[in-house]
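Position in the sequence shown (first residue = 1) + 1261 = my numbering.
All C-beta atoms, glycine included, are put in the ideal place defined by N, C-alpha and C.
Just so we're clear, the structure is a prediction, and the values are computed from it rather than from any experiment.
These notes concern the structure reproduced below.
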Amino acid sequence: MNQIQTVALLTLLSTLLITVSYWLIGGWTGALMGVGLVGVTTLGGWYYSVQIPLGAYNAQPITASQAPSLYRMVSAV
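Written out as structure tokens, the structure reads:
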């Protein structure tokens, strides 16, 4: 169900961006620029999907001596 919601949200936002580009920039040139912008932002979000939340929370790597139980839990996977 979450994948369907994600696809629906991305489709809605992509359509909105392309439509706004069509109106503001003008015609099919604006729509093509909107498609390019949608592609760049979607690929960027996919590529940096791990780094964005880790950076938002200022995540730092830990060693086994700092938090042994947490390190064992994560490294067991």
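Residue i - DSSP class collapsed to helix/strand/coil
i: VAL1311; result: coil
i: ILE1323; result: coil
i: TYR1318; result: coil
i: MET1262; result: coil
i: ALA1328; result: coil
Cβ pair residue i, residue j closer than 9 Å
i: VAL1299; j: ILE1279; result: yes
i: THR1324; j: TYR1332; result: yes
Alpha carbon of residue i to alpha carbon of residue j, nearest angstrom
i: LEU1293; j: ALA1328; result: 51 Å
i: GLN1264; j: THR1272; result: 12 Å
i: TRP1289; j: THR1276; result: 14 Å
i: ALA1269; j: GLN1312; result: 24 Å
i: SER1330; j: GLY1316; result: 23 Å
i: VAL1335; j: PRO1314; result: 17 Å
Supposed close pair residue i, residue j - CB separation, criterion 8 Å
i: GLY1295; j: TYR1283; result: 7 Å
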